[in-house]
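Here the structure comes first, spelled out in structure tokens, and everything after it is commentary.
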Amino acid sequence: AIYPDPKIQARARLILRFCGKLTQPEFTRESAKPELVSWADLEAFCWQLAEVENPETDTAGGMAYLDQLGQAVEKNLPRRSISPTDSISALRQGLARREGFRGNLDDYFHPSNSYLHRVVETKLGIPLTLALVYIFAGQRAGLEVYGLNTPGHYLAGIGGVAFDPFHGGVVLSADDLAAKFGTERSCWANPMFMRATPRDTAERMLVNLLNSYSRRGDEARHARTVSYLQMIEESLG
1 AIYPDPKIQA
11 RARLILRFCG
21 KLTQPEFTRE
31 SAKPELVSWA
41 DLEAFCWQLA
51 EVENPETDTA
61 GGMAYLDQLG
71 QAVEKNLPRR
81 SISPTDSISA
91 LRQGLARREG
101 FRGNLDDYFH
111 PSNSYLHRVV
121 ETKLGIPLTL
131 ALVYIFAGQR
141 AGLEVYGLNT
151 PGHYLAGIGG
161 VAFDPFHGGV
171 VLSADDLAAK
181 FGTERSCWAN
191 PMFMRATPRD
201 TAERMLVNLL
211 NSYSRRGDEA
221 RHARTVSYLQ
231 MIEESLG
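Taking this note's numbering, the leading residue of the sequence shown gets 1, the next gets one more, and so forth.
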């Protein structure tokens, strides 16, 4: 089946071109299989999404800035054996305290909070996109940072320790997590069970965008975002 709206079809072709060249003359659901296996794949997806929906995006500048953030985080790491809390402390120092990345409490539902390039520019975002800044900068510093697909508020983690980029990278204990999500403390003995995949994260990011565009009544962008989300979901088949 081919997407009927040529504008949506063209946009969809652009958003997925990082996955490889399309071999068919018309874009179909079978002609693109977004992998989104690694966090590098997800970063490429974020920049492509930004370029398609916001042609003025300075992708090269944004990536260079993430490189600089990674270097700053690496400088903050102790020379001795590095624990998860040491790693998170270095991220907090470089991103929250020095650069001022923080949650956008004043305009939480604005679509810009779900675009990596805008979060990098404004240093404001929602839990998921701020976590991505920590993930992408941290991995550039050699840290194994990952996302936690926790309900209602996306978190990040290192070595089984959860932290919250939306609130300055604060570390969350099992008691904190139980209180935050209204569950038993025993559920959080190992937060790794909530570890997100890059694909999970891409889908959730697009759902956040759908909610933002619905609130604003932006039907055109909402329709395009639906098409991106459908293609990611259908590539599982």
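Note that CB positions come from ideal geometry on N, CA and C, so glycine has one too.
Sufficient close CB pairs (3 or more, under 8 Å) joining the region 97 to 107 to the region 153 to 161: Verdict: no, contact absent.
Three CB pairs or more closer than 8 Å across the region 136 to 147 and the region 168 to 187: Short answer: they don't touch.
Cα-Cα separation, Arg195 to Thr85: One C-alpha to the other measures close to 18 Å.
Burial state of Asp67 (16 or more Cβ within 10 Å): Label assigned to Asp67: exposed.
Complete runs of the beta strand (DSSP E) confined to the region 81 to 149 [at least 3 residues]: Taking only runs of at least 3 residues, the beta strand (DSSP E) segments lying wholly in the region 81 to 149 are 146 to 148.
Reference Tyr213; option with closest CA among Arg79, Asn113 and Ala90: Nearest option by C-alpha distance: Asn113.
Supposed contact pair Thr150 and Phe101 - C-beta distance, whole angstroms, cut 8 Å: Thr150 and Phe101 do not touch by the CB rule: their CB atoms are close to 19 Å apart, not below 8 Å.
Whole-angstrom distance between Ile82 and Ala220, CA atom to CA atom: A direct Cα-to-Cα measurement between Ala220 and Ile82 gives close to 48 Å.
Cβ-based burial, Ala162 [other Cβ within 10 Å; buried from 16]: Ala162 should be labelled buried.
Spatial distance of Ala223 from Trp47 (CA atoms): Taking the straight line from one Cα to the other gives about 20 Å.
With 16 other Cβ atoms within 10 Å as the buried cut-off, status of Phe193: Phe193 counts as exposed, since fewer than 16 other beta carbons sit within 10 angstroms of its beta carbon.
Reference Thr122, options Glu99, Glu144 and Arg92, closest by Cα: Nearest C-alpha to Thr122: Glu99.
Cut-off 8 Å between Cβ atoms - residues of its own chain near Tyr146, not counting five sequence neighbours on either side: Around Tyr146: Trp39, Ile135, Ala156, Gly157, Ile158, Arg195 and Ala196.
C-alpha gap between Gly94 and Phe166, whole angstroms: Taking the CA atoms as reference points, Gly94 sits about 14 Å from Phe166.
Per DSSP, cross-strand counterpart(s) of Phe163: Ala156 and Val171.
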